[in-house]
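2 protein chains.
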Amino acid sequence: MTVTLADVAARARVSPATVSRVLNGNYPVAASTRERVLRAVDDLDYVLNGPASSLAAATSDLVGILVNDIADPFFGIMAGAAQTQIGGPGDGSGRAGGEKLAVICNTGGSPERELTYLTLLQRQRAAAVVLTGGAVENPAHQAAMAAKLAKLADAGTRIVFCGRPPLPEGDALVAALAFDNRGGGRRLTEHLISLGHRRIGYVAGPPERTTTRHRLEGHREALRAAGLDAAPDGGAEAGSDSGAEAGGGAAGSGDQDRLTVHGPYDRRSGYEATLELLRRAPDVTAIVAANDTVALGACAAVRDQGMRIPQDISVAGFDDLPFSVDAVPALTTVRLPLFEAGARAGRLAMGKENPPPGGIATIAAELMIRGSTAAPRG
Amino acid sequence: MTVTLADVAARARVSPATVSRVLNGNYPVAASTRERVLRAVDDLDYVLNGPASSLAAATSDLVGILVNDIADPFFGIMAGAAQTQIGGPGDGSGRAGGEKLAVICNTGGSPERELTYLTLLQRQRAAAVVLTGGAVENPAHQAAMAAKLAKLADAGTRIVFCGRPPLPEGDALVAALAFDNRGGGRRLTEHLISLGHRRIGYVAGPPERTTTRHRLEGHREALRAAGLDAAPDGGAEAGSDSGAEAGGGAAGSGDQDRLTVHGPYDRRSGYEATLELLRRAPDVTAIVAANDTVALGACAAVRDQGMRIPQDISVAGFDDLPFSVDAVPALTTVRLPLFEAGARAGRLAMGKENPPPGGIATIAAELMIRGSTAAPRG
DNA sequence: CTGTTAGCGCATTCAG
DNA sequence: CTGAATGCGCTAACAG
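Protein sequence lines, in the order shown, are assigned to chains A and B. The end of the first sequence is residue 378 by the numbering used here, with every number in the run present. The end of the second sequence is residue 1378 by the numbering used here, with every number in the run present.
If you want it as structure tokens, here you go:
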């Protein structure tokens, strides 16, 4: 019923081995023979059997791209960019040549699912795996990840991190593209301070995430450098509506804890966390959000409280997603070159580009000053 | 070096077949035996060889989800939702049980890449394929797609459409979830007309796309019903900056053509097409955009021209993406239940849900009236 | 309920 | 440059 390589061989009057050779193109074959074989392939409408091929070759043409939340353009942009480098432009025939199958796996931010997908990819003998976005900083999970990745690398799977710092015990087997979240966070807060803000609220992402921690650390570095981390009062711990907890970051003084609310990286969380923040500290003049999506929620909350942006309160985001420039007022944020980073990760996964020296490259984050931040009143 | 099923069998003192049976769980096995096997699996840290398994079983656990643009939340939400139904929640062990590998393939809206991905999926003997979003209405491509899908279905791959109408010559082999784009478009324009608008511009998506055509048809239906499709002048054909062409829709009168500008489904296109529209017809009092992303660009253009929304011009979108409610003013749009549709498509792909009667279900679109539309001045 | 036996379709040694 | 033979690791009949 289904046409096999042998059928093609018969029709082209060559051996199966020869057909295999022209299809894989990594072996000398006479031009005339190749011609004949390709014609037979088209005539018969032959499609290679991937599993059989992978079984024999002990490797597949699958490349996995893990993301935390594919509904978030932050990940969509990186994943899409990576795919452009992996899937190949196609030859316009739809016949599928040597290109790999770049597939996106949505972990939903769950450590378990992350591990499960890695196992699934290991099972498929994936050629490479790209891990995007922040990692969960849980010792048990980190150990499990390290073990799993080691096994994958061992089986010949190339490992690339994109927008994620390398594992603490990370070996040189992986290439890592890390965003300068700390530097970006610092410069953003420095900008607010230079504008004259002294009480700055922070709507952070979920705890136990590298991205969350680094951005928050940058924020606090800036505060400390400006001498704004003193604790006028001994603010008590408190949780936001979304079940988050006050930041327990290394640098947090009591007051800073009070000015920090954690929550998921989504709009709703930004909204609720901001209300909580305004309740706790009605005198904040600026709010820094974990990312642009959260910032949008923060803006809505600020407005619903009857305050104007930036006249009454400045709001800033992070990432510079496409919609951020269209917010009203346009969002001050930190631009991350998501597309470029994703594309580079894709190339690294394909072995089309050499890993950075030391295996890790830091991607610069650029401050984008726009209308949502201004000097405080008075 | 790499541990195989036979190794597990030896350690568990059973036959390879038995191990296979407990792993696949679709065959009776004594509890004690299963226990022993599972322990051996864990002890040996065994991971099934996917290709070998797929080869022997003549089917894989891969499910492909095709999207036009994964950086667009419209697709991200559907794809993510589908994956929740396919990937399985995991058993918390990261061991990967019977779950499928749901993978997202980003076609970038290119017909060639769509076909290529389908071939790649066919090569992998995918268990199912979910095609999301609008289709390209090009006869040659449609024929190629029909042929390819027929072959896939023939090989046992389940085909599901999500947010895309079934192919003209579509057989009953596929289940289709189609959005009511036409009805949504009609109600949206009816809403504007009821507000008193008479000159309504339309920033359409790319031509040759079902989604584009259906939404535009709905728009024109509403105009016609209100007697607004007359052609006061014989507007000449004209293209937008983004290389788009004036709508050649079936119902387009000369004037309507002049009030319609096509372009890609992105923010920039919305911006430029709107400028073009305002140049062509400075007297429009409302602009309907192909989707929310385009609407955001339209809003920016309107503002950059010194006009206010909705006082000077009303703007409406389509899809009701998460950010739309946060636009200022909040965007009037048509809500599509993207998550629910994606999840249902995922279930259909898994065979966990029965196909709708006739194989095709229409998903209702709900008008969301918000601040960006109001009665025209005067 | 469990073991035995055959391939699944292809990539690769080796010869020629 | 090409053909013949071998086995990748697993599942699916069959028996028992």
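The C-beta atom is built at its ideal place from N, Cα and C for all residues, glycine as well. As the structure is a computational prediction, the values presented were derived from the model and not from experiment.
- Burial check for Pro1264 (chain B): the Cβ neighbour count within 10 Å reaches 16 or more, so the residue is buried.
- Burial check for Gly351 (chain A): the Cβ neighbour count within 10 Å stays below 16, so the residue is exposed.
- In this structure Phe1318 (chain B) is in contact with Arg1215 (chain B), their Cβ atoms being roughly 6 Å apart against a cut-off of 8 Å.
- Taking the C-beta atoms as reference points, Ala10 (chain A) is found no nearer than 8 Å to Leu62 (chain A).
- For a Cβ distance threshold of 8 Å, residue set Ala1155 of chain B lies close to Thr2 (chain A), ordered along the chain.
- Of the other Cβ atoms in all chains shown, 16 or more fall within 10 Å of the Cβ of Ala71 (chain A); this residue is therefore buried.
- Each residue's CA atom was taken as its position, placing Ile1360 (chain B) and Pro1139 (chain B) some 22 Å apart.
- Cβ-Cβ distances below 6 Å link Gly1201 (chain B) to Leu1259, Leu1277, Val1284 and Ile1287 in the same chain, with the five nearest sequence neighbours on each side left out; the list follows chain order.
- The alpha carbon of Pro1310 (chain B) has as its nearest neighbour, out of B:Pro1329, B:Leu1120, B:Thr1033 and B:Pro1337, the alpha carbon of B:Pro1329.
- Within a 10 Å sphere around the beta-carbon of Pro1322 (chain B) sit 16 or more other beta-carbons, which makes this residue buried.
- For Glu1190 (chain B) and Ala1153 (chain B), the gap between their C-alpha atoms comes out near 41 Å.
- Per DSSP, the unbroken alpha helix (DSSP H) holding Met145 (chain A) starts and ends at Pro139 to Asp154.
- Leu149 (chain A) places its beta carbon 8 Å or farther from that of Cys162 (chain A).
- Within the same chain, Val63, Lys100, Ala102, Gly346, Ala349 and Met350 come within 7 Å of Ile86 (chain A) by CB-CB distance, once the 5 residues on both sides are set aside.
- Only Leu115, Thr116, Tyr117, Leu118, Thr119, Leu120, Leu121, Gln122, Arg123, Gln124, Arg125, Ala144 and Lys148 from the region 115 to 149 of chain A bring a Cβ to less than 8 Å from some Cβ of chain B.
- Taken through DSSP and simplified to helix, strand or coil, Glu272 (chain A) comes out as helix.
- Beta-carbon to beta-carbon, Gly1270 (chain B) and Leu1296 (chain B) are separated by about 7 Å, close enough to satisfy the 8 Å threshold.
- Three or more beta-carbon pairs separated by less than 8 Å link the region 1076 to 1085 of chain B to the region 1336 to 1343 of chain B, which places the two stretches in contact.
- In the DSSP assignment, Val1294 (chain B) falls within the unbroken alpha helix (DSSP H) covering Asp1292 to Asp1304.
- Distance between Arg39 (chain A) and Val1160 (chain B), taken at the CA atoms: about 32 Å.
- With respect to chain B, the C-beta atom of Val203 (chain A) has no partner C-beta closer than 8 Å.
- Within chain A, the residues Asp326 have their CB atoms less than 7 Å from the CB of Ala1300 (chain B), given in chain order.
- Cβ neighbours of Val1041 (chain B) within its own chain (closer than 7 Å, five residues either side excluded): Val1008.
- Across the set A:Val22, A:Phe179 and A:Val294, the C-alpha of A:Val294 shows the shortest separation from the C-alpha of Val203 (chain A).
- Rounded to whole angstroms, the Cβ separation of Ala135 (chain A) and Thr157 (chain A) is 18 Å, and the two are not in contact under 8 Å.
- Within the region 14 to 64 of chain A, the runs of alpha helix (DSSP H) at least 4 residues long that lie entirely inside it are, in chain order, 16 to 24, 31 to 44 and 50 to 57.
- For Thr1333 (chain B), the uninterrupted beta strand (DSSP E) segment begins and ends at Thr1333 to Arg1335.
- In this structure, the alpha-carbon of Pro206 (chain A) lies about 6 Å from that of Thr212 (chain A).
- By the Cβ neighbour-count rule, Asn1291 (chain B) is buried, with 16 or more other Cβ atoms within 10 Å of its own.
- When 7 Å is used as the limit between beta carbons, Pro322 (chain A) is near these residues of chain B: Arg1267, in chain order.
- Within the region 1021 to 1051 of chain B, those residues whose Cβ lies closer than 8 Å to any Cβ of chain A are, in chain order, Asp1045, Val1047, Leu1048, Asn1049, Gly1050 and Pro1051.
- In terms of Cβ geometry, Glu137 (chain A) and Arg209 (chain A) form a close pair [threshold 8 Å].
- DSSP links Met1368 (chain B) through a beta bridge to B:Thr1333.
- Here Thr107 (chain A) is buried, its C-beta having at least 16 other C-beta atoms within 10 Å.
- Chain A has a Cβ within less than 8 Å of the Cβ of Gln1083 (chain B).
- Look at the region 1175 to 1230 of chain B and you find these whole runs of beta strand (DSSP E), each 3 residues long or longer: 1200 to 1204.
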